[in-house]
Structures are given as C-alpha cells and as structure tokens.
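Notes follow once the structure below has been shown.
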Amino acid sequence: AASEIGRRIFLRAEIFVFLIVAGLLAAESASVVLLLVLEGGNPFSALWGAEEAVRIAWTSLLAVFLFMDLYGRWQRIQE
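Structure below.
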C-alpha cells in the first residue's frame, strides 16, 4: 500500500515537472522568435550568441536539479 501511494505521488509530481519544463521551453521559443524579430532575422549576431549562451546555461542548471529530484523520488519509491 505504501509503495502504491509513493507511485501516485511520483506520477503526480512527474506531470508537474513535465508542465514546468514544457512552459520553460515555450517561453524560450517565444524569446527566440522575439529576438529574431528585434534583430531583423539575423541569427548570427552578438545578441543571438548571448541569448543562446544563457539558454544553454539555464537548461543545464535546471536539468541537473530536476534529474536529482526525480532520481531521489524514484529511489524512495523503490525502497
């Protein structure tokens, strides 16, 4: 019974994490489109490079913590 409750909590949290990631990707896509419009469609500028560097840094930072959180939850369910 306890493992079933743990699975339910894990699945609910997994959907929440999925929605957060999808929202972040949508916001990132919107920022890329806005940047292209502001730059006149030239993706090879200094501003474009700075935006890509920030996107990669945020994605990496978030991915590490999300993975650690999900892995920890999965380990607790397995016990």
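Counting in our numbering, the sequence shown runs from 975 upward without gaps.
The C-beta atom is built at its ideal place from N, Cα and C for all residues, glycine as well.
Handout entry: Cβ neighbour criterion (16 or more within 10 Å) applied to E1025
Key = Position 51 of the sequence shown, counted from the first residue, corresponds to residue 1025. Looking at its Cβ environment, which holds 16 or more other Cβ atoms inside 10 Å, E1025 is buried.
Exercise for the section: Say whether the segment 1025-1037 touches the segment 992-1010, bearing in mind that this needs 3 or more beta-carbon pairs closer than 8 Å, one atom from each stretch. Expected result: yes
Problem - Segment limits, alpha helix (DSSP H) that includes S1034 - result: For this step, residue 1034 is matched to residue 60 along the sequence shown. Here the alpha helix (DSSP H) through S1034 covers 1020-1052.
Practice task
Note down the Cα distance separating S1019 from W1048, rounded to an integer number of angstroms.
Solution key: The sequence position of residue 1019 within the sequence shown is 45, counting from 1. The sequence position of residue 1048 within the sequence shown is 74, counting from 1. When rounded, the distance between both Cα atoms is 43 Å.
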